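Right, one structure below, let's go through it.
2 protein chains.
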Amino acid sequence: MIPSSETVGSTGPGRPRDPGVNRAILKAALRQLAEDGYSRMSMDAVASEAGVTKPTVYRRWSSKADLATAALAELQGAEPIPSTGSAPSDLKTILAALQKTLFRPNGMAIIGAVMVEERHTPELITLFRERVVHPRRLLLREVLESAEAGGALRAGADLDAAVNMLIGSFYAHYLTGDKMPRTWARRIVDTVWKGIAKPGRHRRATRR
Amino acid sequence: MIPSSETVGSTGPGRPRDPGVNRAILKAALRQLAEDGYSRMSMDAVASEAGVTKPTVYRRWSSKADLATAALAELQGAEPIPSTGSAPSDLKTILAALQKTLFRPNGMAIIGAVMVEERHTPELITLFRERVVHPRRLLLREVLESAEAGGALRAGADLDAAVNMLIGSFYAHYLTGDKMPRTWARRIVDTVWKGIAKPGRHRRATRR
DNA sequence: GTATAATTACTATACCGTATCGTAAAGGAA
DNA sequence: TTCCTTTACGATACGGTATAGTAATTATAC
Numbered sequence: 001m002i003p004s005s006e007t008v009g010s011t012g013p014g015r016p017r018d019p020g021v022n023r024a025i026l027k028a029a030l031r032q033l034a035e036d037g038y039s040r041m042s043m044d045a046v047a048s049e050a051g052v053t054k055p056t057v058y059r060r061w062s063s064k065a066d067l068a069t070a071a072l073a074e075l076q077g078a079e080p081i082p083s084t085g086s087a088p089s090d091l092k093t094i095l096a097a098l099q100k101t102l103f104r105p106n107g108m109a110i111i112g113a114v115m116v117e118e119r120h121t122p123e124l125i126t127l128f129r130e131r132v133v134h135p136r137r138l139l140l141r142e143v144l145e146s147a148e149a150g151g152a153l154r155a156g157a158d159l160d161a162a163v164n165m166l167i168g169s170f171y172a173h174y175l176t177g178d179k180m181p182r183t184w185a186r187r188i189v190d191t192v193w194k195g196i197a198k199p200g201r202h203r204r205a206t207r208r
Numbered sequence: 209m210i211p212s213s214e215t216v217g218s219t220g221p222g223r224p225r226d227p228g229v230n231r232a233i234l235k236a237a238l239r240q241l242a243e244d245g246y247s248r249m250s251m252d253a254v255a256s257e258a259g260v261t262k263p264t265v266y267r268r269w270s271s272k273a274d275l276a277t278a279a280l281a282e283l284q285g286a287e288p289i290p291s292t293g294s295a296p297s298d299l300k301t302i303l304a305a306l307q308k309t310l311f312r313p314n315g316m317a318i319i320g321a322v323m324v325e326e327r328h329t330p331e332l333i334t335l336f337r338e339r340v341v342h343p344r345r346l347l348l349r350e351v352l353e354s355a356e357a358g359g360a361l362r363a364g365a366d367l368d369a370a371v372n373m374l375i376g377s378f379y380a381h382y383l384t385g386d387k388m389p390r391t392w393a394r395r396i397v398d399t400v401w402k403g404i405a406k407p408g409r410h411r412r413a414t415r416r
């Protein structure tokens, strides 16, 4: 497996590799994977978009699957946010960021791409889960666990259900084809929060 | 556009069409579309799987996109259920049926297939939305609207948010790669219900 | 000069859509 | 009943395009 970043400096005889080539290739690969899916992504087109030739690509990645996997490994799922002490507020911030990501060009398309490829190139969805799905969920779950530990949640509140509904509502909305309201994150958090918060504790949800 | 079902009886001179050929082709096309995606589905493979030759397929559908569209048009989103008078109960029944559908082989894969193809063959996701997405949502929404009209929901309960969370939680769960508990529908409905029901009205949710 | 990168050209294969030929099957006319 | 016309079907082949991956040659950096 070729390192995803170019090697640092010259390490031996012969022509050194251009430092920007790996990045350009990975960028092109990720874009095409997201927009066109794995099957339609082509090594010719990736090379062309990256401004190199195909053998140049093959010198770094042994196959199409290898390159697609490396491109996906460049993805980052989510960035931690500073805690405000208010769980609903933090959830909204996280989901607002998610909304931005998903509704950027190709934000949702990558999901379709890894899903459709699950049977043929399963390493793609595996990587996507590691890099994107689980980090996102972890962020949300941490907020909820803190709220729970702080006594803000009703007994038996189902955190898994909550996390999946928070994230999944965006997917479901996307599938409707309707325009996503800017208020969507707030609406979702408000509804979920009412379902899991301790009764009588709606506006003042402290985390630990 | 060729009718999706074979014509009824003989309508003119010449050899009549085999009544099972259309069905076999559509079945094969839908399976391949779901499992392999549109790009990887091939007319050669569909014809072969259906036990016919390519010209036979082309006699009925003018192009690959045409066939894929027709295959998708065979999909049905959801079947109405008899109302029990209890909204949570009805929601659970609907979602349990959805769970069965999604977690059947290829249940989720078709979603990935239409998503990844959105830019290239948008008629696929358009049809999927008409045939599957909107009917499913309508079923859930109707239950919720009845409950609202019956006074079971809190003022300002966000039905759109609820519907998207109910459905979307399955998608999000699928993306985790975890095994889906049999209790998932119940857990989701319970959590959503607590978020939208009139306070103090948790177990006795009457519809109109 | 040496080793590696990059370029150009190539092979093998798959696929879409179409054309052709021979046979099958139905209805209608003689 | 036989023959003719029409349409369907299987089998095969074809043209054109696209693509993964590779070989041979030229260029470049140290």
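Read top to bottom, the protein sequences are chains A and B. Residue numbering for the first sequence follows this note's numbering, beginning at 1 and increasing consecutively. Residue numbering for the second sequence follows this note's numbering, beginning at 209 and increasing consecutively. Note that CB positions come from ideal geometry on N, CA and C, so glycine has one too. Quick caveat, the model's predicted, so the values are computed rather than measured.
Determine, using beta carbons only, whether residue i and residue j come nearer to each other than 7 Å.
i               : j               : result
A455 of chain B : A393 of chain B : No answer is possible for residue 455 of chain B: the residues shown for chain B start at 209 and end at 416.
M41 of chain A  : K54 of chain A  : no
M373 of chain B : M165 of chain A : yes
G358 of chain B : S169 of chain A : no
A317 of chain B : L275 of chain B : no
L280 of chain B : V351 of chain B : no
R187 of chain A : A405 of chain B : no
V265 of chain B : A278 of chain B : no
L346 of chain B : V371 of chain B : no
G403 of chain B : K194 of chain A : yes
S89 of chain A  : S247 of chain B : no
With a cut-off of 7 Å, does the C-beta of residue i fall near any C-beta of chain A?
i               : result
G293 of chain B : no
A355 of chain B : no
T399 of chain B : yes
R268 of chain B : no
A321 of chain B : yes
D366 of chain B : yes
S377 of chain B : yes
R394 of chain B : no
G403 of chain B : yes
A380 of chain B : yes
V254 of chain B : no
R390 of chain B : no
V341 of chain B : yes
Excluding sequence positions up to five away, which residues of its chain have a Cβ less than 8 Å from the Cβ of residue i?
i               : result
G112 of chain A : G37
F336 of chain B : L280, L283, I318, I319, V322
L98 of chain A  : A78, R136, I167, F170, A185
V52 of chain A  : V21, A24, I25
H342 of chain B : G285
E148 of chain A : A157, L159
Go through its chain and collect everything with a Cβ distance to residue i's Cβ below 6 Å, but skip five positions before and after it.
i               : result
A273 of chain B : T329
I25 of chain A  : A50, V57
R182 of chain A : none
E117 of chain A : Y38, L124
Excluding sequence positions up to five away, which residues of its chain have a Cβ less than 7 Å from the Cβ of residue i?
i               : result
V132 of chain A : L75, G77
H173 of chain A : M180, W184
V192 of chain A : A162, M165, L166
Does any residue of chain B bring its CB to less than 7 Å from the CB of residue i?
i               : result
P39 of chain A  : For the sequence presented, residue 39 of chain A should be read as Ser rather than Pro. Taking Cβ atoms only, chain B reaches closer than 7 Å to S39 of chain A, which makes this a yes.
G200 of chain A : no
G177 of chain A : yes
N106 of chain A : no
Hey, is the stretch 306-316 of chain B in contact with the stretch 358-366 of chain B, meaning 3+ C-beta pairs nearer than 8 Å? The stretch 306-316 of chain B, when compared against the stretch 358-366 of chain B, does not touch it at the 8 Å Cβ threshold.
Quick check: the stretch 117-134 of chain A against the stretch 30-50 of chain A, are there 3 or more CB pairs under 8 Å? Touching, per the Cβ criterion.
Segment contact flag, the stretch 262-279 of chain B with the stretch 290-300 of chain B, C-beta cutoff 8 Å, min 3 pairs: With a cut-off of 8 Å, the stretch 290-300 of chain B and the stretch 262-279 of chain B do not count as touching, because too few Cβ pairs lie within range.
Any contact between the stretch 168-185 of chain A and the stretch 72-80 of chain A? By contact I mean 3 or more CB pairs, one from each, below 8 Å. No, because fewer than three Cβ pairs between the stretch 168-185 of chain A and the stretch 72-80 of chain A fall closer than 8 Å, the two stretches do not touch.
Start-end ranges of the alpha helix (DSSP H) lying completely within the stretch 257-287 of chain B, minimum 4 residues: The stretch 257-287 of chain B contains these whole alpha helix (DSSP H) runs: 262-268, 272-281.
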